[in-house]
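Residue numbers (our numbering): 4 to 591.
Quick reminder that beta carbons are idealized off the backbone N, C-alpha and C, glycines included.
Structure first, commentary second.
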Amino acid sequence: MDIEINGGISADALKDEDVTPLPESQSHVVFRLRREDEHVPWIVELVLLLFNTQGGILQVIRCAKPPDTLAGNPNSTVMYIGEDNFRVTRAKLKETDEREVVRFSMAKLHPHVGAVGCLVTHVEDEIARAPQLNAFSLTCDIHAVDSAQAEAQAQALAAGGKRFVFNNAGERTRLLEICHDPKTLRRHTVKHPNVVVLCKFFRRQGDHNDWAFHAAPEERSNVVVRSVVTPSLVEAMQIFLLDVMPDIKIPNRNPLSSVAGICAALSCNEFLGIERYFPDCGLRKVDFARLLLWELLRTRPGLLQHHGRATMIVGLLFEMFEQIDINGDAVVDWEEFTSFCVALGFVSSRVPHDDDHDQEQNHGENHAAPPRNLVIYRQEPLSTGAAARTFPYQVNKLKTFPQLKRVAVIEHKSPRILMFDMDMNFLHELNCSEKLAAEKKVGEKQQDVLDSLEVLDAEHVPLRNALAIASSDLCISLWSVIDATVGSYVFNGKLVGRFPALFVRWCPPPLKRLFVAGGSTEQVQLWDLEVPMHAGAAPPPPPMLLPRSHTERIAVCLDIPETPYVATASFDHTITIWETVAGTNSAL
Numbered sequence: 004m005d006i007e008i009n010g011g012i013s014a015d016a017l018k019d020e021d022v023t024p025l026p027e028s029q030s031h032v033v034f035r036l037r038r039e040d041e042h043v044p045w046i047v048e049l050v051l052l053l054f055n056t057q058g059g060i061l062q063v064i065r066c067a068k069p070p071d072t073l074a075g076n077p078n079s080t081v082m083y084i085g086e087d088n089f090r091v092t093r094a095k096l097k098e099t100d101e102r103e104v105v106r107f108s109m110a111k112l113h114p115h116v117g118a119v120g121c122l123v124t125h126v127e128d129e130i131a132r133a134p135q136l137n138a139f140s141l142t143c144d145i146h147a148v149d150s151a152q153a154e155a156q157a158q159a160l161a162a163g164g165k166r167f168v169f170n171n172a173g174e175r176t177r178l179l180e181i182c183h184d185p186k187t188l189r190r191h192t193v194k195h196p197n198v199v200v201l202c203k204f205f206r207r208q209g210d211h212n213d214w215a216f217h218a219a220p221e222e223r224s225n226v227v228v229r230s231v232v233t234p235s236l237v238e239a240m241q242i243f244l245l246d247v248m249p250d251i252k253i254p255n256r257n258p259l260s261s262v263a264g265i266c267a268a269l270s271c272n273e274f275l276g277i278e279r280y281f282p283d284c285g286l287r288k289v290d291f292a293r294l295l296l297w298e299l300l301r302t303r304p305g306l307l308q309h310h311g312r313a314t315m316i317v318g319l320l321f322e323m324f325e326q327i328d329i330n331g332d333a334v335v336d337w338e339e340f341t342s343f344c345v346a347l348g349f350v351s352s353r354v355p356h357d358d359d360h361d362q363e364q365n366h367g368e369n370h371a372a373p374p375r376n377l378v379i380y381r382q383e384p385l386s387t388g389a390a391a392r393t394f395p396y397q398v399n400k401l402k403t404f405p406q407l408k409r410v411a412v413i414e415h416k417s418p419r420i421l422m423f424d425m426d427m428n429f430l431h432e433l434n435c436s437e438k439l440a441a442e443k444k445v446g447e448k449q450q451d452v453l454d455s456l457e458v459l460d461a462e463h464v465p466l467r468n469a470l471a472i473a474s475s476d477l478c479i480s481l482w483s484v485i486d487a488t489v490g491s492y493v494f495n496g497k498l499v500g501r502f503p504a505l506f507v508r509w510c511p512p513p514l515k516r517l518f519v520a521g522g523s524t525e526q527v528q529l530w531d532l533e534v535p536m537h538a539g540a541a542p543p544p545p546p547m548l549l550p551r552s553h554t555e556r557i558a559v560c561l562d563i564p565e566t567p568y569v570a571t572a573s574f575d576h577t578i579t580i581w582e583t584v585a586g587t588n589s590a591l
């Protein structure tokens, strides 16, 4: 799971001037999220993450979901946010600037909650679509107001009233006020951040009711994660919590808690720095530990503020020395040390080549140039019509149809499918939006849906010699293939689903069903395509819903050749094998 934070990752202890104590008289927290752009769809939300005192995740609250869908730990039904303690109101009108108001009370949090992290990211349904976050502004205030008044004001807002208004008698303290502008960030960073870490509330040691607030510094607030699913958001926030919970065990991270972790933490430059001070005769245990500890502290000054961790690292360095000194001469030389690290497989080999370095010296302004051994392919625009493409070019999927001897290219946010032969010679493009409009299969009210139609996946169905095309309107349209060279297709029917079908697979005999997976419901369906679908025929029967086997969005779906199995992998770190003969599944 890749996470990049501007300015690097640091576990420095917090300074008193960076922390705001929260008075017990002001326990009501109110976030206001406002839009700062007017011409693009609103696709962001506020996310709250509740952690225990050891940094383990207790509950993730995505504010775009209604309160009755809040989910805690999958193994627990406890509402750690507290009963009737959370209210979120999202604007219903596109013209409204104040998009989201979130309210909760710190006093009503479950006693097991040790920290609350807050961030802004894409709405869950926009994971794979949004190129960058909206421009937004956000404020966070704490109020001294009773629950009855807050409830009345929340109901007034839900009924279409004005924003929350606290009377002059109620005290208010502004904790945070930020403004996120993607255009400004674009000038300074190569990658668009898809997560903005805002702040954290945490209990201070010594008093269970003593809460404090810490705002994320600007250089560490903009985060780039591979995908904004729950595990990535949890990891990004756990990194931000390291300054108050230095012993958090973060998956896929090396927190210097083992000998292997220390080896993995040493970069090539650090190895070269150690070599300069490594005598030919080797080092004894104390000198060995002192040298490596000095290098670790030099590159990680935050360890100096955590004496307990530094003491633990000294013990691990002594243990490392004992593991290296297998001949028992009480001395470790450079060859023994590097051989031990190589044997563990943790030495990084990402050393810049001399020729690459020379190239950078000659062309210092071209830092973003790709390596010379990387071939970049970009297909020229293929539309022959007068209308130019209106979607950002990005290849989303490549599908092969062996029986048709065709390769289909599905682009990001595009209603078109580009058809190639097996030698990658372009043949034609299939514009689903235009074809559906020409077939007059939708009413006037649905014309705006066709204008923004996106192809999500496609599959060839040999049983009917048809293409099954899944689109963003929650439908799967069937097109009989007349001529796959010039692009002659005839509309053959439509299947109306309950969620966006991100993956479509054909299950061959004896099952002969269309396997459909994806969407935020993590569901899998089987559609029967043998029923008549001509004009005037009865609607096809509803699909067979297979047992829910994933708790997160399905990431990929793949059929296993020459077997009756289909595999689905999810962001919940599980892989499910579906037996297409009997419709059963066995989780791995």
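Nearest-angstrom Cα separation, counted from residue j out to residue i
| i | j | result |
| --- | --- | --- |
| Glu98 | Ile46 | 14 Å |
| Gln208 | Gly59 | 17 Å |
| Ser483 | Pro511 | 18 Å |
| Gly586 | Glu238 | Here the model assigns Gly586 a pLDDT of 46, short of 50, so the residue's position is not dependable, and the following value carries that caveat. If I take the Cα positions, the gap works out to 35 Å. |
| Arg556 | Asp336 | 51 Å |
| Ser573 | Lys408 | 30 Å |
| Arg38 | Leu96 | 12 Å |
| Ala558 | Ala94 | 30 Å |
| Thr403 | Gly496 | 22 Å |
| Leu122 | Val50 | 5 Å |
| Ser552 | Phe518 | 15 Å |
Run of the beta strand (DSSP E) containing residue i, from where it starts to where it stops
| i | result |
| --- | --- |
| Ala411 | 409–414 |
| Gly120 | 118–125 |
| Val499 | 491–499 |
| Asn434 | 429–434 |
| Asp486 | 478–486 |
| Lys288 | Not the beta strand (DSSP E): Lys288 falls in the alpha helix (DSSP H), residues 288–302. |
| Thr23 | 23–25 |
| Glu103 | 101–108 |
| Cys510 | 506–510 |
Bridge partners - residue i, DSSP secondary structure assignment
| i | result |
| --- | --- |
| Phe404 | Arg409 |
| His146 | His31, Arg175 |
| Tyr568 | Glu582 |
| Cys560 | Thr571 |
| Gln528 | Val519, Leu548 |
| Asp460 | Ala473 |
| Trp214 | Leu25, Arg206 |
| Gln57 | Paired residues: none, contrary to the question. |
Selected residue, minimal CA-CA separation from residue i, among the options
| i | options | result |
| --- | --- | --- |
| Met547 | His553, Ile557, Gln528 | Gln528 |
| Leu188 | Asn137, Arg279, Val247, Ile265 | Asn137 |
| Leu61 | Ser552, Val119, Glu273, Gln208 | Val119 |
| Ile413 | Ser474, Ser455, Pro405 | Ser474 |
| Leu299 | Met315, Cys284, Arg287, Leu286 | Met315 |
| Cys2 | Ala333, Val334, Ile327 | Residue 2 is absent from the model: the chain starts at 4 and stops at 591. |
| Val126 | Met109, Val198, Gly117, Asp144 | Val198 |
| Pro544 | Arg551, Ala268, Val534 | Val534 |
| Ser140 | His146, Gly117, Leu179 | Leu179 |
| Val317 | Ala333, Arg303, Leu296, Asn225 | Leu296 |
| Pro564 | Leu294, His576, Arg508 | Arg508 |
| Asn428 | Lys438, Asn434, Val410, Lys416 | Val410 |
| Ile578 | Phe205, Asp332, Cys560 | Cys560 |
| Arg501 | Asp486, Phe494, Val489, Leu477 | Leu477 |
| Leu421 | Ala441, Gly490, Leu439 | Gly490 |
| Pro234 | Leu52, Phe291, Arg177 | Leu52 |
| His113 | Val50, Asp246, Val334, Asn212 | Asn212 |
| His463 | Leu430, Leu532, Lys438, Asp426 | Leu532 |
Residues of its chain near residue i, where Cβ-Cβ distance is below 6 Å and the 5 sequence neighbours each way are ignored
| i | result |
| --- | --- |
| Met323 | Val262 |
| His115 | Asn55 |
| Val1 | Summary: the structure shown does not reach residue 1, with the chain confined to residues 4 through 591, and so no result is reported for it. |
| Lys111 | Gly85, Asn88 |
| Cys182 | Ser140 |
| Lys203 | Ala118, Gly120, His217 |
| Thr387 | The predicted model places Thr387 with a pLDDT of 49, which falls under 50 and marks its position as unreliable, so this point remains unresolved. |
Nonlocal neighbours in the same chain, by C-beta distance under 7 Å from residue i, ignoring five residues either side
| i | result |
| --- | --- |
| Pro24 | Ala215 |
Min CB distance residue i to chain D below 8 Å
| i | result |
| --- | --- |
| Ile251 | Protein chain content of the structure displayed is limited to a single chain, and chain D is not contained in it. |
Proximal residues to residue i (C-beta, below 8 Å), its chain only, five neighbours per side dropped
| i | result |
| --- | --- |
| Arg166 | Confidence is the limiting factor: at Arg166 the pLDDT is only 43, short of 50, which leaves the residue's position unreliable, though a coordinate-based value still follows. Taken in chain order, the residues that qualify are Arg35, Glu101, Val104, Leu160. |
Element boundaries [alpha helix (DSSP H), containing residue i]
| i | result |
| --- | --- |
| Met422 | Met422 -> not in any alpha helix (DSSP H); beta strand (DSSP E) instead, spanning 419–424. |
| Asn272 | 271–279 |
| Glu86 | No alpha helix (DSSP H) holds Glu86; DSSP gives it neither H nor E. |
| Cys266 | 262–268 |
| Phe243 | 233–244 |
| Ser224 | 221–224 |
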